[in-house]
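Take a look at the structure below.
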Amino acid sequence: MTTERTRTRGRPREERRFIVAFLTPAFVLFTVFVAVPSIRALAYSLQKWDGFSKPQWVGLENFARLFRESDLFAVAFAHNAFLMIVGGSLVLGLSLFFAAALHRRVRGARLFRVAFFFPNVISSVAVSLLWLLLYSTTRFGVINSIAMWIDAWGQWCGIDLIPVELPFAFLDSKHLIYSIIPMIVWSGTGFYMVLFLAAMEAIPESYYEVAKLEGASAFAQFRHITLPLIREVLAVGTVFLVIGSLKFFDAIWILENQWPTRDSHVLATLLYQKVFSEYNVGYGSAVAVLLFILVFAATFVTLKLSRREAVEY
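Add 1264 to a position in the sequence shown, counting from 1, and you land on the number used in our numbering.
Written as structure tokens, this is what we have:
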């Protein structure tokens, strides 16, 4: 009897030690690499500092300069919003479509899964370099080469199939934000397709069998069974897309040869350029703080709009 009481009292203590042992490294890493840098960035945003001389306290002056001196911050944010709305909507729609198609047990489903997910195995730098080659205006540019071949064939038939001058400058600053959209769709659809497909496969097959007996069409089954039961996963995927769109950086930085212009800037490239190219740490930190606020607000709103009672099955 005494032994059983001792074991019962000892278990919570052992569990606490076990939990603390596993949480401590994560807490230390989070504090050192996330919490402390975030607090320092907030402090730098209230100072004028070039990274070398002594910081000078300026209060909210850096934030005021963001909106007073030029509209570059607003333009960069508009580009992020464009990528989020257009690119995010296309990725969300296509990934749902392909996930639903594969969920219907089409032929070659496994091959399609691998093919769609493959871009996620490649690093973002490699993806950017691949699209740099695809968009090139030289003879190695795949898209322009195909367009010129189609245009030549159309001219031979007396039809103007390509209404723009070729080779088209996809990588020009004025067109780059639009050229990024196919890249986002190609590289992002596979991940969300697998995410949504996993949620769909967790739905009991009996639900669909009953719906078929009731005469429900495939679209009706998707609308009234699939969508409600994957709502939570859909919300998580939307949050990922919103955060990714607001933090977008790699592709524009590489495709613009590390010097974006007003026509191609996004918030992350503006931040990087101000801090590491112009050595304006205070101004760049102000951009970082506002970027954090935007990401937090967008995530909160997205979760709030998609928040409903969970459907149990």
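In this text, a Cβ means the ideal position worked out from N, Cα and C, and glycines have one as well.
_Can you look up Trp-1321 in the DSSP assignment and give me helix, strand or coil?_
strand
*Expressed to the nearest angstrom, what Euclidean distance is found between the alpha-carbon atoms of Ala-1342 and His-1367?*
36 Å
*Return the CA-CA distance between Arg-1526 and Trp-1395, expressed in angstroms with no decimal places.*
21 Å
_Suppose the cutoff is 8 Å on Cβ atoms and the five residues either side in sequence are ignored; what does the same chain contact list for Val-1503 look like?_
Thr-1563, Thr-1566 and Leu-1567
*So what does Gln-1485 bridge to, in DSSP terms?*
Its beta-bridge partners do not exist; DSSP assigns none.
*Assuming Phe-1337 contacts Leu-1330 under a Cβ cut-off of 8 Å, what Cβ separation, rounded to an integer in Å, is found between them?*
5 Å
*Nearest to Asp-1314 by alpha carbon, out of Val-1458, Gly-1546, Ala-1552 and Ala-1480?*
Gly-1546
*Environment of Pro-1524 [buried if 16+ CB atoms lie within 10 Å]*: buried
*Spatial neighbours of Ser-1409 within its chain, please: CB distance less than 8 Å, with the 5 preceding and 5 following residues excluded, ordered by chain position.*
Arg-1403
_Separation of Val-1300 from Tyr-1536, as counted between CA atoms_ = 19 Å
*Verify whether the separation of the beta carbon atoms of Ile-1426 and Gly-1418 is less than 8 Å.*
yes
*asked:* Can you tell me whether Gln-1522 is helix, strand or coil according to DSSP?
replied: coil
*Spatial neighbours of Ser-1528 within its chain, please: CB distance less than 7 Å, with the 5 preceding and 5 following residues excluded, ordered by chain position.*
Ser-1437, Leu-1440, Ile-1441, Ile-1516 and Glu-1520
_Going by beta-carbon coordinates alone, are Ala-1340 and Leu-1534 separated by less than 8 Å?_
yes
*Count the other CB atoms within 10 Å of the CB of Pro-1276; is the residue buried (16 or more) or exposed (fewer)?*
exposed
*So, do the region 1496-1511 and the region 1371-1386 have three or more beta carbon pairs nearer to each other than 8 Å?*
no
*Does the Cβ of Ser-1334 have 16 or more other Cβ atoms within 10 Å, making it buried, or fewer, making it exposed?*
exposed
*Cβ atoms of Ser-1359 and Ser-1549: under 8 Å apart, would you say?*
no
_Alpha-carbon to alpha-carbon, Ala-1475 and Phe-1540_ = 59 Å
*With a threshold of 16 other CB atoms inside 10 Å of the CB of Ser-1653, please say whether the residue is buried or exposed.*
Past the boundaries of the shown model lies residue 1653; the chain is included only from 1265 to 1577, so the question cannot be answered.
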